[in-house]
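To keep things clear, I will list the structure first and then write my remarks on it.
Okay, here's the thing in structure tokens:
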């Protein structure tokens, strides 16, 4: 059952509004949605219409209306227990906050959107579009890695719901990645990404699937081609791949209008008319959020260099570089992880409060302690269920305590608890067993799935920014797994003891392999 199957009023109008937005006719969609909002008594229909209306306003660039639209949509969605709605609303609110320059609110909405959409396992069109809009929000904020992951999820969910792959081609995500590389001095890297984007378009054209591309995607393909031409690449200028023809798409999208204006600057440079390009830039009125504040000064640098004004080109390049430095992926990734960790910590604190009277919570990390773990496992095994137990032991923790003291060691344990808890699947159980040892319990899971869980934990710990917390003392984790079969005739205590012993051995063997490598 999809989200709209729960809506009982004006479903056809809501579907029509979606279709209009997909072909970049957001102004028409807005009129239709306003009518639904005025006339419906169904809380689900009203909530959907208000979320869609926020999307339309963002597409149209009507920034002054964002705050009221978010408030109205939030009030309508608040009491509806529907992950898709909460996820999509937060993804759109993140986009709106970004356009308003409110970075802290933007990041908070991104975290909430990812969690809500991750809890929605319904493979329907609306969930796919929710992931798409989350990918767009990540991309505009320059979280390129997060954006690529979210758009891949949109494609997976979309394919399950019968949406063609090319609908979520999202060339704008890689386009923003490419220009960010150029803004930071990596023009070769920029060209490599833009050529990959062109290759995708060529594949869709050869397969006769370009008709499924969204108008906004066609405009992004057009700008990618124009940008390549401005950097000196030879670009096809005839047929369906002609940049001018592609840039004409995009309907009433504010971002598509910006791409058309910037694209004409690029094409003037490519055609050997750099003075015209500079003149166009002087009259340009585009949003800094479309491709970053550094894009216009970077194009000015390229145009001035072609005109022979190398001193002017150098000044423009320095200006572009300074603007690009403000959008550092690394700093913002650290920030988004910090917000996620704060939310994790608050959730763990609330969870701890529920069990405080029974002394079942580790006071340092907020995770269940050894006593609660043993109770949980006893209940699972007594029901005859199969589980896999994983013992996680920290690498480098002794050095942290030696070099930085036990207070820093406690901070590392708290950070590890948040990292492990964040990457586990729904229904998994995480506890602190003692010292620097954590235990994860994976219900109804085999060893093959456990290996994938271990890979996620190890990758998350490895990529955490330990250098800023405990400089010079890297932290890692080694994990060993063992199965517990509740159908055996041995006692629960014996089953658990055997599993812990096997998991400990597996963990020690992994440590030995690590030392030997």
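Residue numbers (the UniProt record's numbering): 1 to 517. Cβ coordinates follow ideal geometry from the N, Cα and C atoms, glycine included.
Note down, one range per segment and in chain order, each alpha helix (DSSP H) of at least 4 residues found wholly within the stretch 212-295. Those alpha helix (DSSP H) runs which fall completely within the stretch 212-295 and span 4+ residues are 215-230, 243-247, 254-270, 274-282, 288-291.
What number of angstroms, rounded off, separates the C-alpha of residue 74 from the C-alpha of residue 90? Between residue 74 and residue 90, the C-alpha separation is close to 9 Å.
Can you tell which of 222, 154, 95 has the C-alpha that lies nearest to the C-alpha of residue 106? When only C-alpha atoms are compared, the closest one is 95.
Residue interval of the alpha helix (DSSP H) (run including residue 24): It is not in any alpha helix (DSSP H) - residue 24 carries neither H nor E in the DSSP assignment.
Among residues of its own chain, excluding the 5 on either side of residue 186, which ones have a beta-carbon nearer than 7 Å to its beta-carbon? Contacts found: none.
Going by DSSP, what residues sit across from residue 471 in a beta bridge? Here residue 471 is not bridged, per DSSP, to any residue.
Do three or more CB pairs link the stretch 107-119 to the stretch 137-150 at distances below 8 Å? The answer is yes - the stretch 137-150 touches the stretch 107-119, with three or more Cβ pairs under 8 Å.
Mind checking if residue 385 is an interface residue toward chain B, Cβ cutoff 9 Å exclusive? In the structure shown, chain B cannot be found, because there is only a single protein chain.
Residue 259 and residue 297 look like a contact to me (Cβ under 8 Å); what is the Cβ gap, rounded to whole Å? About 17 Å separates the beta carbons of residue 259 and residue 297, which is beyond the 8 Å limit, so they are not a contact pair.
According to the Cβ coordinates, are residue 442 and residue 448 closer than 9 Å? Taking the C-beta atoms as reference points, residue 448 is found no nearer than 9 Å to residue 442.
According to DSSP, is residue 435 helix, strand or coil? Of the three classes helix, strand and coil, the one that applies to residue 435 here is coil, per DSSP.
Just the Cα atoms here: how many angstroms apart are residue 171 and residue 119? One C-alpha to the other measures close to 27 Å.
Simplified DSSP assignment, three categories, for residue 40: When secondary structure is reduced to three states using DSSP, residue 40 falls in the coil class, being assigned neither helix nor strand.
Thinking residue 226 and residue 267 are a contact (beta carbons under 8 Å), I'd like their distance in whole angstroms, please. Indeed, because the Cβ distance is near 5 Å, the residues count as touching under 8 Å.
Nearest to residue 445 by alpha carbon, out of 434, 437, 78, 429? Checking every option, the nearest Cα to that of residue 445 belongs to 429.
If you measure between the beta carbons of residue 19 and residue 52, is that distance less than 9 Å? For residue 19 and residue 52, no; Cβs fall outside 9 Å.
Return the CA-CA distance between residue 420 and residue 215, expressed in angstroms with no decimal places. So the alpha carbons of these two residues sit roughly 41 Å apart.
For residue 426, does the three-state DSSP call read helix, strand or coil? Correct three-state label for residue 426: coil.
With distances taken from CA atoms, which of 153, 183, 174 is nearest residue 165? If we check each option's Cα against that of residue 165, 153 comes out closest.
Given this structure, state the Cα-to-Cα distance separating residue 250 from residue 307, to the nearest angstrom. Going by C-alpha positions, residue 250 is about 31 Å away from residue 307.
From 26, 395, 200, 86, residue whose alpha carbon lies closest to that of residue 116: Looking at the Cα atoms, 86 is the closest of the given residues.
Looking only at C-alpha atoms, which of 261, 417, 169 sits nearest to residue 244? It is 261 whose Cα lies nearest to the Cα of residue 244.
Out of 114, 277, 299, point me to the one whose CA is closest to residue 147's CA. When only C-alpha atoms are compared, the closest one is 114.
Please name the residue or residues paired with residue 482 in a DSSP beta bridge. Residue 482 is bridged to 389.
Thinking just about the alpha-carbon of each residue, which of 483, 473, 471 is nearest to the one in residue 385? For the set 483, 473, 471, the Cα lying nearest the Cα of residue 385 is the one of 483.
Which residues mark the beginning and the end of the alpha helix (DSSP H) in which residue 7 is found? From DSSP, residue 7 is part of no alpha helix (DSSP H); its letter is neither H nor E.
6 Å CB neighbourhood of residue 274 in its chain, flanking five on each side removed: Excluding positions up to five away in sequence, the list reads 303, 306, 307.
Once the 5 residues before and after residue 17 are set aside, which same chain residues still bring their CB inside 7 Å of it? Same-chain partners within the cutoff: 29, 32, 33, 52.
Return helix, strand or coil for residue 442, following the three-state DSSP convention. Reduced to three states, the DSSP call for residue 442 is strand.
Given residue 510 as reference, the closest of 414, 458, 100, 497 once Cα atoms are compared: It is 458 whose Cα lies nearest to the Cα of residue 510.
Counting only runs of 4+ residues fully inside the stretch 96-170, write out the alpha helix (DSSP H) ranges in chain order. Fully enclosed alpha helix (DSSP H) runs of 4 or longer: 103-118, 125-140, 144-160.
Hey, residue 222 and residue 247: beta-carbon distance below 9 Å or not? If you check the CB distance, residue 222 and residue 247 come in under 9 Å.
Could you give the distance in angstroms between the alpha-carbon of residue 330 and the alpha-carbon of residue 231? Per-residue confidence for residue 330 stands at a pLDDT of 47, beneath the threshold of 50, marking its modelled position as unreliable; the derived number appears in the next sentence. Computed Cα separation, rounded: 26 Å.
Continuous alpha helix (DSSP H) stretch holding residue 402: start and end: Looking at the DSSP string, the run of the alpha helix (DSSP H) that includes residue 402 is 397-404.
Segment limits, alpha helix (DSSP H) that includes residue 458: Start and end: 447-463.
Going by beta-carbon coordinates alone, are residue 505 and residue 433 separated by less than 9 Å? Not closer than 9 Å, so no.
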